[in-house]
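Structure record follows, encoded as structure tokens.
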Amino acid sequence: MKKHTISALVENHFGVLASVAGLFSSRGFNIKSLSVGETEDPSISRMTIVAKGDDRILEQVMKQLNRLVDVIKVIDMTVQDYVDRELLLIKVSTSKAARSEIMEIVHVFRSRIVDISPSTMTVEVTGTEAKINAIIGMLRPFGIKEIARTGKVALLREVKG
1 MKKHTISALV
11 ENHFGVLASV
21 AGLFSSRGFN
31 IKSLSVGETE
41 DPSISRMTIV
51 AKGDDRILEQ
61 VMKQLNRLVD
71 VIKVIDMTVQ
81 DYVDRELLLI
91 KVSTSKAARS
101 EIMEIVHVFR
111 SRIVDISPST
121 MTVEVTGTEA
131 KINAIIGMLR
141 PFGIKEIART
151 GKVALLREVK
161 G
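Residue numbers (the working numbering): 1 to 161.
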């Protein structure tokens with residue numbers, strides 16, 4: 001099973017998200033991550049969907065997505081050159097003794113501390129899936145209290161020359 005990153009421009013209407021997600025689930029595609037937000041035009045939203053599945057079934061899903069009235073454009077970004085990022089908020093247990101070590105890890109990953117209490121630190125991280133997974137791995141020994149993760153957002157790279 002191959003992981004696919006799909007971008008869909010859709011009308012910003014009630015029920016569009018449910019229709020798109022329903023197409024994936026009805027074909028046995030598990031959506032690994034789904035991010036949706038308005039574009040530069042508030043009447044249009046961009047959905048970035050990461051799903052694992054068979055190439056043949058994905059082709060069927062893409063054709064069915066294109067047939068939905070509220071779908072403007074669908075692109076399988078997997079075979080193209082694109083830029084992607086995720087956002088992670090991670091709350092880590094800490095003691096006074098461990099604070100400097102956590103701060104050093106945060107610095108190395110070019111992240112930042114966005115909240116601190118006597119027993120926890122909350123860190124904001126943006127980057128690729130690999131970077132997000134790496135910092136989670138580095139902070140796990142301190143004790144992870146909570147994680148909130150956006151999933152992937154992506155845009156195609158512009159073709160040069």
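No residue lacks a Cβ here, since even glycine has one placed at the ideal position from N, Cα and C.
These figures come from a predicted structure and were not determined experimentally.
For residue 91, which residues from the same chain have a beta carbon less than 6 Å from its beta carbon, with the 5 sequence-adjacent residues on both sides left out?
Your numbering for residue 91 matches position 91 in the sequence shown. 120, 122, 145, 146, listed in sequence order.
Which runs of the alpha helix (DSSP H), 4 residues or longer, sit entirely within the stretch 53-78?
Whole alpha helix (DSSP H) segments, 4+ residues: 55-67.
Could you check whether residue 125 and residue 155 sit closer than 8 Å to each other, using their CB atoms as the reference points?
For the purposes of this step, residue 155 is taken as residue 155 along the sequence shown, with counting starting at 1. For the purposes of this step, residue 125 is taken as residue 125 along the sequence shown, with counting starting at 1. Not in contact: residue 155 and residue 125 (Cβ atoms no closer than 8 Å).
Taking DSSP's pairing of strands, which residues face residue 16 in a bridge?
Walking along the sequence shown from the start, residue 16 turns up at place 16. Beta-bridge pairing links residue 16 to no other residue.
What residue range is occupied by the uninterrupted alpha helix (DSSP H) comprising residue 137?
By one-based count along the sequence shown, residue 137 stands at place 137. Here the alpha helix (DSSP H) through residue 137 covers 129-139.
Please report the residue range of the alpha helix (DSSP H) in which residue 100 lies.
One-based indexing of the sequence shown puts residue 100 at position 100. It spans 96-108 - the alpha helix (DSSP H) in which residue 100 sits, taken as one unbroken run.
Candidates 15, 131, 86: which alpha carbon is nearest residue 69's?
Residue mapping note: residue 69 aligns to position 69 of the sequence shown, counting from 1. The shortest Cα separation from residue 69 among 15, 131, 86 belongs to 15.
Residue 7: first and last residue of the uninterrupted beta strand (DSSP E) it sits in:
Counting from one through the sequence shown, the residue named residue 7 turns up at place 7. For residue 7, the enclosing beta strand (DSSP E) covers residues 2-11.
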